[in-house]
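Read the structure below first, then the notes.
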Amino acid sequence: PFVLRVREAEKRGLVQFKFRHRVNELTRTGTTVDGVRGDILEPSSVERGRKSARDIAGDFELHAQAVIVASGGIGANHELVRKNWPHRLGTAPKRMITGVPDHVDGRMLAITEAAGGSIINRDRMWHYVEGIRNWAPIWTDHA
(Lines of atoms letter the chains of each structure in order from A and count residues from 1; the text may use other names and numbers.)
(Lines give C-alpha, C1' and ligand atoms only; values in the text may rest on other atoms or scores of the structure.)
Protein backbone atom coordinates (compact mmCIF):
# COMPACT_ATOMS: atom_id res chain seq x y z
CA PRO A 1 0.00 0.00 0.00
CA PHE A 2 0.95 3.62 -0.59
CA VAL A 3 1.28 4.43 3.12
CA LEU A 4 3.91 1.73 3.59
CA ARG A 5 5.93 3.03 0.64
CA VAL A 6 5.81 6.58 1.99
CA ARG A 7 6.83 5.45 5.49
CA GLU A 8 9.75 3.54 3.96
CA ALA A 9 10.76 6.66 2.01
CA GLU A 10 10.64 8.59 5.29
CA LYS A 11 13.05 6.09 6.88
CA ARG A 12 15.42 6.62 3.93
CA GLY A 13 15.24 10.40 4.33
CA LEU A 14 13.30 10.94 1.10
CA VAL A 15 10.10 12.20 2.75
CA GLN A 16 9.57 14.52 5.71
CA PHE A 17 6.27 14.88 7.54
CA LYS A 18 5.55 18.37 8.87
CA PHE A 19 2.49 18.01 11.08
CA ARG A 20 0.94 21.20 12.50
CA HIS A 21 2.47 23.25 9.66
CA ARG A 22 -0.12 25.47 7.93
CA VAL A 23 0.81 26.78 4.48
CA ASN A 24 -0.08 30.44 3.89
CA GLU A 25 1.77 30.98 0.63
CA LEU A 26 3.39 29.15 -2.24
CA THR A 27 6.76 30.78 -2.93
CA ARG A 28 8.03 31.46 -6.43
CA THR A 29 11.22 32.21 -8.23
CA GLY A 30 10.07 33.98 -11.36
CA THR A 31 7.10 31.99 -12.59
CA THR A 32 8.17 28.73 -10.94
CA VAL A 33 6.64 27.67 -7.63
CA ASP A 34 9.60 26.49 -5.57
CA GLY A 35 8.36 26.19 -2.01
CA VAL A 36 5.90 26.94 0.75
CA ARG A 37 5.77 29.42 3.60
CA GLY A 38 3.49 29.45 6.61
CA ASP A 39 2.82 29.03 10.31
CA ILE A 40 3.89 26.34 12.72
CA LEU A 41 0.91 25.69 14.97
CA GLU A 42 1.30 24.94 18.65
CA PRO A 43 1.26 21.22 19.50
CA SER A 44 -2.12 19.69 20.18
CA SER A 45 -3.18 16.56 22.00
CA VAL A 46 -6.64 16.66 20.46
CA GLU A 47 -7.74 13.34 19.00
CA ARG A 48 -7.19 13.00 15.25
CA GLY A 49 -10.11 14.42 13.27
CA ARG A 50 -11.31 16.68 16.09
CA LYS A 51 -11.13 20.46 15.86
CA SER A 52 -7.84 21.72 17.30
CA ALA A 53 -6.51 25.14 18.24
CA ARG A 54 -4.80 27.23 15.57
CA ASP A 55 -2.46 29.16 17.87
CA ILE A 56 0.80 30.04 16.12
CA ALA A 57 4.10 28.94 17.64
CA GLY A 58 6.40 30.07 14.82
CA ASP A 59 6.84 30.15 11.08
CA PHE A 60 8.54 28.06 8.43
CA GLU A 61 9.69 28.14 4.84
CA LEU A 62 10.58 25.08 2.77
CA HIS A 63 11.87 24.85 -0.79
CA ALA A 64 11.78 21.98 -3.26
CA GLN A 65 12.42 21.10 -6.88
CA ALA A 66 8.69 20.48 -7.34
CA VAL A 67 5.62 21.49 -5.34
CA ILE A 68 2.40 19.48 -5.55
CA VAL A 69 -0.69 20.77 -3.76
CA ALA A 70 -2.89 17.94 -2.51
CA SER A 71 -4.71 19.47 0.42
CA GLY A 72 -8.01 17.66 0.59
CA GLY A 73 -11.43 19.00 -0.18
CA ILE A 74 -13.81 21.77 0.82
CA GLY A 75 -16.48 19.81 2.69
CA ALA A 76 -16.14 21.60 6.04
CA ASN A 77 -16.56 25.01 4.41
CA HIS A 78 -20.24 25.17 3.44
CA GLU A 79 -19.82 28.68 1.99
CA LEU A 80 -17.21 27.36 -0.46
CA VAL A 81 -19.33 24.28 -1.14
CA ARG A 82 -22.25 26.51 -2.14
CA LYS A 83 -19.99 28.71 -4.28
CA ASN A 84 -18.79 25.63 -6.20
CA TRP A 85 -22.11 23.74 -6.18
CA PRO A 86 -22.73 22.02 -9.55
CA HIS A 87 -25.19 24.07 -11.63
CA ARG A 88 -26.71 20.84 -12.95
CA LEU A 89 -28.01 20.10 -9.42
CA GLY A 90 -29.84 23.39 -8.96
CA THR A 91 -29.56 25.49 -5.83
CA ALA A 92 -27.43 24.12 -3.01
CA PRO A 93 -29.46 22.96 0.01
CA LYS A 94 -29.73 25.21 3.06
CA ARG A 95 -28.73 22.36 5.36
CA MET A 96 -25.89 19.92 4.78
CA ILE A 97 -24.05 17.44 6.93
CA THR A 98 -20.31 17.93 7.11
CA GLY A 99 -18.71 14.54 6.53
CA VAL A 100 -15.13 15.66 7.13
CA PRO A 101 -13.04 17.27 9.91
CA ASP A 102 -12.90 21.07 10.28
CA HIS A 103 -9.50 21.38 8.61
CA VAL A 104 -10.95 20.19 5.27
CA ASP A 105 -11.89 23.76 4.41
CA GLY A 106 -10.51 24.41 0.93
CA ARG A 107 -8.09 26.99 2.28
CA MET A 108 -5.33 25.98 -0.16
CA LEU A 109 -7.47 26.65 -3.24
CA ALA A 110 -7.12 30.45 -3.04
CA ILE A 111 -3.46 30.14 -1.99
CA THR A 112 -2.76 27.95 -5.02
CA GLU A 113 -4.57 30.30 -7.38
CA ALA A 114 -2.70 33.31 -5.96
CA ALA A 115 0.54 31.59 -6.98
CA GLY A 116 -0.75 30.99 -10.52
CA GLY A 117 -2.04 27.45 -10.05
CA SER A 118 -5.16 26.10 -11.72
CA ILE A 119 -7.95 24.33 -9.87
CA ILE A 120 -9.72 21.52 -11.70
CA ASN A 121 -13.03 19.76 -11.07
CA ARG A 122 -14.36 22.34 -8.61
CA ASP A 123 -17.88 20.94 -8.85
CA ARG A 124 -16.95 17.34 -8.07
CA MET A 125 -18.08 16.93 -4.48
CA TRP A 126 -19.80 14.44 -2.24
CA HIS A 127 -22.18 15.87 0.35
CA TYR A 128 -24.99 14.57 2.50
CA VAL A 129 -27.96 16.72 1.62
CA GLU A 130 -30.88 14.29 1.63
CA GLY A 131 -32.05 15.08 5.16
CA ILE A 132 -29.83 12.46 6.76
CA ARG A 133 -29.23 12.88 10.49
CA ASN A 134 -26.16 11.73 12.34
CA TRP A 135 -27.05 11.00 15.95
CA ALA A 136 -23.42 10.63 17.06
CA PRO A 137 -21.57 13.58 15.46
CA ILE A 138 -17.81 13.96 15.78
CA TRP A 139 -17.23 17.06 13.60
CA THR A 140 -18.73 20.53 13.40
CA ASP A 141 -22.11 20.35 11.57
CA HIS A 142 -21.77 16.55 11.39
CA ALA A 143 -25.39 16.05 12.41
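All residue numbers for the sequence shown refer to the working numbering, where the first residue is 1391 and numbers rise by one.
Virtual Cβ for every residue (Gly too), placed ideally from N, Cα, C.
From a predicted model like this one, the values you see are computed outputs, not experimental measurements.
{"Item": "The stretch 1392-1411 contacting the stretch 1491-1509, beta-carbon criterion three pairs below 8 Å", "Value": "no"}
{"Item": "Cβ contact (3+ pairs, closer than 8 Å) linking the stretch 1459-1466 and the stretch 1428-1440", "Value": "no"}
{"Item": "Straight-line Cα distance separating I1509 from E1503", "Value": "7 Å"}
{"Item": "Cβ separation of I1528 and G1439, assumed to be a contact under 8 Å, to the nearest whole Å", "Value": "7 Å"}
{"Item": "Proximal residues to L1470 (C-beta, below 8 Å), its chain only, five neighbours per side dropped", "Value": "I1464, D1495, G1496, L1499"}
{"Item": "For G1420 and E1451, believed in contact at Cβ under 8 Å, the rounded distance", "Value": "Actually they do not touch by this definition, with Cβ atoms about 17 Å apart."}
{"Item": "Cβ neighbours of H1477 in the same chain (closer than 8 Å, five flanking residues each side left out)", "Value": "D1513"}
{"Item": "Option in I1501, A1443, R1472, A1399 with minimal Cα separation from R1482", "Value": "At residue 1482 the sequence reads Ala, which differs from the Arg that was named. Of the candidates I1501, A1443, R1472, A1399, the one whose C-alpha sits nearest the C-alpha of A1482 is R1472."}
{"Item": "Sequence-distant residues of its chain with Cβ nearer than 7 Å to A1443 (five each side left out)", "Value": "E1432, S1434"}
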